[in-house]
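Right, one structure below, let's go through it.
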Amino acid sequence: MEQLLLPNSANSTPLTTLGFLERAAAAYTDCPSLVYNNTTYTWSETHRRCLQVASSLSSVGIQRGHVVSVVAPNVPSMYELQFGVPMSGAILNNINTRLDAHNLSVLLQHSESKLVFVDHLHSSLVLEALSLFPRDTKRPHLVLIDDDAAASSTTTTSPTVTVDFIDTYEGFVEEGDPKYKWVQPRSEWDPMVLNYTSGTTSSPKGVVHSHRGIFILTANALIDWAVPKLPRGKTEGKARSEDVGLAEVDVVNPETGESVKRDGVSLGEVVLRGGCVTVGYFKDKEATRRCISDNGWFYTGDIGVMHADGYVEIKDRSKDVIISGGENICSAEVESVLYSITAVNEAAVVARPDMFWGEIPCAFVSLKRDLELTEKPTEKEIIEYCRARLPRYMVPRKVVFSEELPKTSTGKIQKYLLREFAKSVS
1 MEQLLLPNSA
11 NSTPLTTLGF
21 LERAAAAYTD
31 CPSLVYNNTT
41 YTWSETHRRC
51 LQVASSLSSV
61 GIQRGHVVSV
71 VAPNVPSMYE
81 LQFGVPMSGA
91 ILNNINTRLD
101 AHNLSVLLQH
111 SESKLVFVDH
121 LHSSLVLEAL
131 SLFPRDTKRP
141 HLVLIDDDAA
151 ASSTTTTSPT
161 VTVDFIDTYE
171 GFVEEGDPKY
181 KWVQPRSEWD
191 PMVLNYTSGT
201 TSSPKGVVHS
211 HRGIFILTAN
221 ALIDWAVPKL
231 PRGKTEGKAR
241 SEDVGLAEVD
251 VVNPETGESV
261 KRDGVSLGEV
271 VLRGGCVTVG
281 YFKDKEATRR
291 CISDNGWFYT
301 GDIGVMHADG
311 YVEIKDRSKD
321 VIISGGENIC
331 SAEVESVLYS
341 ITAVNEAAVV
351 ARPDMFWGEI
361 PCAFVSLKRD
371 LELTEKPTEK
381 EIIEYCRARL
391 PRYMVPRKVV
401 FSEELPKTST
411 GKIQKYLLRE
421 FAKSVS
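Written out as structure tokens, the structure is:
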């Protein structure tokens, strides 16, 4: 009897979004799936082209578990690659086109990308990134995404590296088999997508998402969970976020794992769990072990509070919390006061080592351009402004002015660099 209750191929099929495209091609064969400028594809055409991409990837040696990267904007090929790459069994790595050559090179090397699809607008960036590879490191093949490219194969030379574009994207599609039998995941937990963090607190980490996780996220996107928005929110020029408390979220003491009080005051680390949570960090078992606990919670690194109604309010990043004289200081709270100063354009508050207090707040500020000399606040004026609005222990002891604060390619302030600089501030 027990044998009949075990999972088998009749009742257990790995969840994956790749079957969605197959279903759409069968149900909406001649309906438009994609419209871009003068190009229109039907669902059957999109399905066929994705199979051809997967087939061509297999023919050039891409195997299950290999990483294939894409450096391109939102063009039709980018859409097709979201299906075509995982249909070959490979892991899809979409790379931000705003990265500089150094960071792009780091990601391509760390992911061990076997092949890169690169849009012609970003080909010089990718070539520069490849030129930064160590000489003994194997470089990935390139496929050029260019609607106007006439040649099926081309060679491009950068100052320090010569790279073969093995094909253009359209040539790659044409050479593929439209009847290719796509590679189904052995398990729904098999990796499907690799995304890298922006590296605001440390080096970028590769976040791995499984077929199951992407399936759940996609299914969730089909349901409208929204409630009517406040009319006032449509007229304000301020960035705002709307969050909802879920059963899969908690705020806990990171040392004990126990839930904090639901009083909107007690700080703890925000933890998550659910089918869409990452399976871990790529090639980084230690980081995975630190963020995923034995009791099944994913530790986000966000510091927050839990309100009585179950809603979570995020206060800061755990690495950005300043511990001064035993008091926890949320840098975001101090920054919100700094941003209320009319002349302030950017603000960041980090911990500066102190012999007596352990750590003290140090503020980095950039002022708005084109200010008159009399409009520019001094360090003393900013400190006095904060002192009138914050508890004494939260007031920055030092304010450093800078024309611009260091940022990642996605525009996030790199606080880890500011922390290092704060150590040298007298």
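Just so you know, we're using the UniProt record's numbering here: the sequence shown kicks off at 1 and counts up by one. Idealized CB from N, CA, C, for every residue including glycine. Every value quoted in this text rests on a predicted model; they were computed, and no experiment measured them.
Assigned exposure category for residue i - 16 Cβ within 10 Å defines buried
i      : result
Glu242 : Because Glu242 sits at a pLDDT of 47, beneath the cut-off of 50, its placement in the model cannot be relied upon, and the following sentence gives the value as read from the coordinates. Answer is exposed; the Cβ neighbour count stays below 16.
Pro73  : exposed
Ser69  : buried
Met394 : buried
Thr168 : buried
Ile323 : exposed
Thr342 : exposed
Ile223 : exposed
Val35  : exposed
Lys205 : buried
Phe20  : exposed
Val425 : exposed
Gly176 : buried
Alpha-carbon spacing of residue i relative to residue j, whole angstroms
i      : j      : result
Arg212 : Thr17  : 8 Å
Gln414 : Pro32  : 43 Å
Ser331 : Glu45  : 52 Å
Pro254 : Ile166 : 50 Å
Trp189 : Gly280 : 11 Å
Gly84  : Lys376 : 55 Å
Val71  : Asp119 : 6 Å
Phe298 : Val265 : 22 Å
Val344 : Arg262 : 34 Å
Gly325 : Phe356 : 8 Å
Ser318 : Ile329 : 11 Å
Phe172 : Gln63  : 17 Å
Gly358 : Lys380 : 23 Å
Cys386 : Val334 : 8 Å
Ser77  : Pro7   : 38 Å
Pro396 : Val207 : 35 Å
Glu258 : Arg290 : 17 Å
Simplified DSSP state of residue i, which is helix, strand or coil
i      : result
Gly363 : Per the sequence shown, the amino acid found at residue 363 is Ala instead of Gly. Ala363: strand per DSSP, three-state reduction.
Pro159 : Confidence in Pro159 is poor, its pLDDT being 46 and thus under 50, which makes the residue's placement too unreliable to answer from.
Met355 : coil
Arg262 : coil
Asn37  : coil
Asp224 : coil
Phe215 : helix
Gly296 : coil
Lys315 : strand
Glu269 : strand
Asp167 : strand
Ser331 : helix
Asp284 : coil
Ser198 : coil
Asp320 : helix
Ala422 : helix
Ala27  : helix
Proximity test, residue i beta-carbon vs the ligand GTP heavy atom, cut-off 7 Å
i      : result
Glu188 : The ligand GTP is absent from the structure shown, which contains no ligands of any kind.
Practice problem: Give, in chain order, every unbroken run of the beta strand (DSSP E) that is at least 3 residues long and sits entirely within the region 99-154. | Solution: The beta strand (DSSP E) runs lying completely inside the region 99-154 and spanning 3 residues or more are 115-119 and 141-145, given in chain order.
Quiz item: Do three or more CB pairs link the region 174-187 to the region 49-65 at distances below 8 Å?
Solution: Touching, yes, given that three or more Cβ pairs across the two stretches are closer than 8 Å.
Quiz item: Are there three or more Cβ pairs, one per stretch, closer than 8 Å when the region 81-98 is compared with the region 184-195?
Solution: Taking 8 Å as the limit for Cβ pairs, the verdict is that the region 184-195 does touch the region 81-98.
Quiz item: Enumerated in chain order, which unbroken segments of the alpha helix (DSSP H) with a length of 4 residues or greater are wholly contained in the region 45-88?
Solution: DSSP runs (the alpha helix (DSSP H)) wholly in the region 45-88: 76-87.
Quiz item: Quick one: any contact between the region 404-420 and the region 346-354, if contact means 3 or more CB pairs under 8 Å?
Solution: Enough Cβ pairs lie closer than 8 Å, so yes.
Practice problem: Pair every Cβ in the region 126-144 with every Cβ in the region 102-111, then say whether three or more of these pairs are closer than 8 Å. | Solution: The region 126-144 is in contact with the region 102-111.
Quiz item: How about the region 266-275 and the region 296-314: do they share at least three Cβ pairs that are nearer than 8 Å?
Solution: In short, these stretches touch, since the Cβ pair count reaches three.
Quiz item: Fully enclosed by the region 373-416, which beta strand (DSSP E) runs are 3 residues long or longer?
Solution: Every beta strand (DSSP E) of 3 residues or more that sits fully in the region 373-416 is shown, in chain order, as 398-401.
Quiz item: Does the region 205-220 touch the region 6-20, meaning 3 or more C-beta pairs lie closer than 8 Å?
Solution: Proximity of the region 6-20 to the region 205-220 meets the contact definition, three or more beta-carbon pairs being nearer than 8 Å.
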